[in-house]
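Report on the following structure.
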Amino acid sequence: MGTWNKLEARQFWFASDGKFSDQIDSELDIKMRFGEEQELCRYREEVVFPKVGMTKDKRWMFIANTEEIKQGVRVEICEKPDNPCSMTQGFPIGYVTSCRQKYVIRKMLSLEGDGSPTQDDFWFPSCCACHVVLSTEVESRMLSSGGPKLGK
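End of the sequence shown = 144 in my numbering, gap-free, step of one.
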């Protein structure tokens, strides 16, 4: 980071008086609110400290992550993306489920090509969601047989 010191980096990034917390917000424990839960899509959760990332403009950039400047991001990564969701036995016939990775944009302190600091928006995996759609095969059979028109 050259002549850029820790305090300058924090003030630039957080636009603050230098007060900074190294703590990462922890997720609320949903079990405390709703009791036992079952996931429709399996995922793994971790906190990453990336050194490179893809911006929302689809450019790869270096992310400032050193001993002095730590930027952690909590991510959830689908264990089996595009696989069927679990516990879907009660769904109506003809509906197809799949687990899909979702992403969120996070602002990070990053470095320009010349090494100067900047901030940019980066994509990070945020959750693994179960998507439900009516099978196109079932939909086309319903329409060709004069069945109900979907979406009307």
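Beta carbons: idealized from backbone N, C-alpha and C, even for Gly.
| Item | Value |
| --- | --- |
| Backbone secondary structure at residue 13 - three-state DSSP | Residue placement at residue 13 cannot be trusted, given a pLDDT of 48 that sits under 50; what the coordinates show is reported in the next sentence. It is coil, neither helix nor strand. |
| Bridge-paired residues (DSSP) for residue 103 | 54 and 109 |
| Assigned exposure category for residue 100 - 16 Cβ within 10 Å defines buried | buried |
| Three or more C-beta pairs below 8 angstroms linking the segment 70 to 84 and the segment 44 to 56 | no |
| Nearest neighbour of residue 145, chosen from 120, 75 and 92 [CA to CA] | Nothing in the structure corresponds to residue 145, since the chain is present only between -7 and 144. |
| Counterpart residues of residue 117 in DSSP-defined beta bridges | 95 |
| Distance between residue 129 and residue 68 (C-alpha atoms, nearest Å) | 32 angstroms |
| Residue 38 (DSSP reduced to helix, strand or coil) | strand |
| CB contact flag (residue 66, residue 39, <7 angstroms) | yes |
| Helix, strand or coil at residue 129 [DSSP, three-state] | helix |
| Where residue 124 sits in the DSSP three-state scheme | strand |
| Rounded separation between residue 91 and residue 78 - CA only | 9 angstroms |
| Paired residues, beta bridge with residue 68 - DSSP | 37 |
| Alpha carbon of residue 111 to alpha carbon of residue 56, nearest angstrom | 10 angstroms |
| DSSP-derived helix/strand/coil call for residue 80 | coil |
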